[in-house]
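Down below is the structure, laid out as structure tokens.
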Amino acid sequence: MSSDSDYLVKLKGQIPGIISCRYLLAFLGCLGFVNVYAMRVNLSVALVAMTKTLNRTNNYTGAVCPAESYNSTKEEGDFDWDEQTQGLILSSFFYGYICTQIPGGWLGGIFGGKHLFGIGVLCTTVFTLLTPLAAQHGVGYLVALRVLEGLGEGVTFPAMHAMWSNWAPPFERSKLLTITYAGSQLGTVISNPLSGWLCSTDFLGGWPSVFYVFGTCGVIWFAAWTLLVHNYPEQHPRISPQEREFIEKSIGKVESKAVKLPILAMAKSLPLWVIAISHFANNYGFYTMLTNLPSYMKNILGFDITRSGYLSAVPYIANWLIIVSGGQIADYLRSHGYLSTTNTRKLFNSLGMMLPALFLVLTGYVGCNKPLAILCLTLAVGCGGFSMSGFNINHLDIAPKYAGVLMGFTNTIATIPGFVGPLIVGTLTENNDTRQQWQIVFWICFGIYALGLLTYLLFGSGVEQEWAKDSYTGTATNPLHIEPLIQAEKAEETLPYPQYSSEGSLRTNGIIPVD
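Residue 1075 in the numbering used here is what sits at position 370 of the sequence shown, and the numbering runs on without skipping anything.
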């Protein structure tokens, strides 16, 4: 091991473990995503309580499982919204969400992600608190508010990617980012059962309490984030000298100096496009379940709203566990030289696409065997967590300096399923909400998952791209445990990480448009 790596090992041993500043950032980032996802998905559960049970004629008789009886105080909903209207309401969020992805990455690169991420969560919070008022005024007001909510939340993922480009040492990327982004699943785990329970009570009017409770939590989080988080290690007043030096020696010092975006090179980058395809495929299956699982549990499997809220959370508990553990395993495989970065990403991406595709299709054919249906749904949603250590972190591998912009680009494409998926489900199940129609929904997911799996398996890469490197940098500093990986990566292409001098040469992280 080189003297540089020996020194990094020594530095890391002196850092106060999980109470270090980078792990505090991961924890607060996780709570941020808990809040935004709880506020994003609570409408999926509340919508079941908000709408009246309409008389509909199914073309297939006997296709839906018989409802079971549970003690429930739920009253008839307030609004006469059919499946297509509900699909429009659920999808409207993504019309705003898609518009701020690339601007979010661009602004995060220039100014850092702290304030951008915080404002994104705060916007989601404010509009969540206003949701009951908008719903009472009519569908148009609710749809407009959800679009605005999406605009605010759209910057969160790109801003966080930009944040981690300044904070995450190369061989801690998987574990730190998966801890952070697993908050989205944890938010779903909390939101589904709690929303179902709140809807069944008289607290603050029943279903409106869902939005008031989660909105209040968002305000509290924003205060903590503003006080405790900083854009760069050198700006943090409480970071230890050892941790600051460890981060800067691992990734190089960062200064917010504007550079031009290599847009043409990005547009021609095959590894970037396969990330985008996998991102699209993953989100299509994930969003289909995220927005429609409570309705599927009630209308097809026959659970009441409170029970379906609790059961809908089970798949996301599995997803959260797989995301967090997968990040640890991925970094272990890479740092110890068992797999190259490219092969690690391909392995986890393949598991995260193949297994959900298979289990979703099986869900449609288990009939009214409810325990088996819940098991298949749990495995379908849960195993999707493997892909977090695949395509989702891959932006930082191929172009760490532009990670926020790349996340904004791929997440823009991956947002399309957010408004297309619910509309497709609504169209397929309108006046025909049966198991046969849901089989079609699941087969569509299977085909899209297969596309993401095959393209990434053939063309994915974990190697830093030439267009993403600084032309003025010198020889590479060996980050912690990098020697085993270097040998594996050399067989593929070139070194997987930016090249820095042993003194930690300055690299730029700000971004402005090309001339």
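No residue lacks a Cβ here, since even glycine has one placed at the ideal position from N, Cα and C.
Asked                                                                                                                                                                           : Found
State yes or no: is the C-beta of GLY1123 within less than 8 Å of the C-beta of TYR937?                                                                                         : no
With DSSP as the reference, please indicate the residues paired to THR756 in a beta bridge.                                                                                     : PHE784
How would you label ARG878, buried or exposed, when you count the other beta carbons within 10 angstroms and need 16 or more for buried?                                        : buried
Where PHE908 and TRP926 are concerned, what is the direct C-alpha to C-alpha distance, given to the nearest angstrom?                                                           : 23 Å
Rounded to the nearest angstrom, what separates GLY1131 and SER797 at their Cα positions?                                                                                       : 13 Å
Output the distance between the C-alpha atoms of SER1030 and TYR1037, rounded to the nearest integer angstrom.                                                                  : 11 Å
Would you decide whether THR921 is buried or exposed? Buried here means 16 or more other CB atoms lie within 10 Å of its CB.                                                    : exposed
According to the neighbour-count rule (16 or more other Cβ atoms, all chains shown, within 10 Å of its Cβ), is ILE794 buried or exposed?                                        : buried
I need the DSSP call for GLU939, collapsed to helix, strand or coil.                                                                                                            : helix
Which term fits ASN1136, buried or exposed, when burial requires 16 or more other beta carbons within 10 angstroms of its beta carbon?                                          : exposed
Give me, in chain order, the residues of the same chain whose beta-carbon lies closer than 6 Å to that of ALA1260; leave out the 5 immediate sequence neighbours on both sides. : The first residue shown for the chain is 706 and the last is 1220, placing residue 1260 beyond what the model contains.
For LEU969, count the other beta carbons within 10 Å of its own beta carbon; 16 or more makes it buried, fewer makes it exposed. Which is it?                                   : exposed
In whole angstroms, what separates the C-alpha of SER725 from that of ALA928?                                                                                                   : 20 Å
Measure the Cβ-Cβ separation of LEU834 and TYR917 and say whether it is below 8 Å.                                                                                              : yes
Give the secondary structure of GLN1170 by DSSP, where H, G and I count as helix, E and B as strand, and everything else as coil.                                               : coil
Quick one: Cα of ALA867 to Cα of ASN1099, how far?                                                                                                                              : 13 Å
Below 8 Å between beta carbons: does that hold for TRP912 and ALA751?                                                                                                           : yes
If you follow the alpha helix (DSSP H) that SER1094 is part of, which residue opens it and which one closes it?                                                                 : Counting along the chain, SER1094 falls outside any alpha helix (DSSP H), and DSSP gives it neither H nor E.
Counting pairs of Cβ atoms below 8 Å between the segment 796-814 and the segment 885-893, do you hit three or more?                                                             : no
Span of the alpha helix (DSSP H) holding LYS1221?                                                                                                                               : No statement about residue 1221 is possible, as the shown extent of the chain runs from 706 to 1220 and does not include it.
Which same chain residues, not among the five before or five after LEU903, have their C-beta less than 7 Å away from its C-beta?                                                : SER914, VAL915, VAL918
Are ALA1234 and LEU821 closer than 8 Å when you measure CB to CB?                                                                                                               : Only positions 706 to 1220 of the chain appear in this structure, which leaves residue 1234 out of reach.
If you check the beta carbons only, do MET1058 and SER1092 fall under 8 Å apart?                                                                                                : yes
Between which two residues does the alpha helix (DSSP H) harbouring ALA1078 extend?                                                                                             : 1075-1088
Report, in whole angstroms, the separation of the C-beta atoms of GLY859 and TYR802, which I expect to be a contact under 8 Å.                                                  : 4 Å
Based on Cα-Cα distance, which residue from CYS1088, ALA1173, PRO967, THR1083 lies nearest to PHE1053?                                                                          : CYS1088
Should ALA1119 and ASN988 be called a contact, given that it needs their Cβ atoms to be closer than 8 Å?                                                                        : yes
My assumption, with CB atoms under 8 Å, is that THR1271 sits in contact with ALA1035. Please give the rounded CB distance.                                                      : This structure cannot settle anything about residue 1271, because the visible part of the chain is limited to 706 through 1220.
State the DSSP-derived secondary structure class of TYR765, mapped to helix, strand or coil.                                                                                    : The predicted model places TYR765 with a pLDDT of 43, which falls under 50 and marks its position as unreliable; any figure quoted below should be read in that light. Note: TYR765 maps to coil in three-state DSSP.
How many whole angstroms separate the CB atoms of ASP787 and LYS757, which I take to be in contact at a CB cut-off of 8 Å?                                                      : At roughly 10 Å, the Cβ-Cβ gap does not stay under 8 Å, so ASP787 and LYS757 are not in contact.
Spatial neighbours of ASN997 within its chain, please: C-beta separation below 6 Å, excluding the five flanking residues on both sides.                                         : VAL1130
With a threshold of 6 Å on Cβ separation, who are the neighbours of LEU891 within its own chain once the five nearest residues in sequence on each side are excluded?           : VAL739, TRP1025
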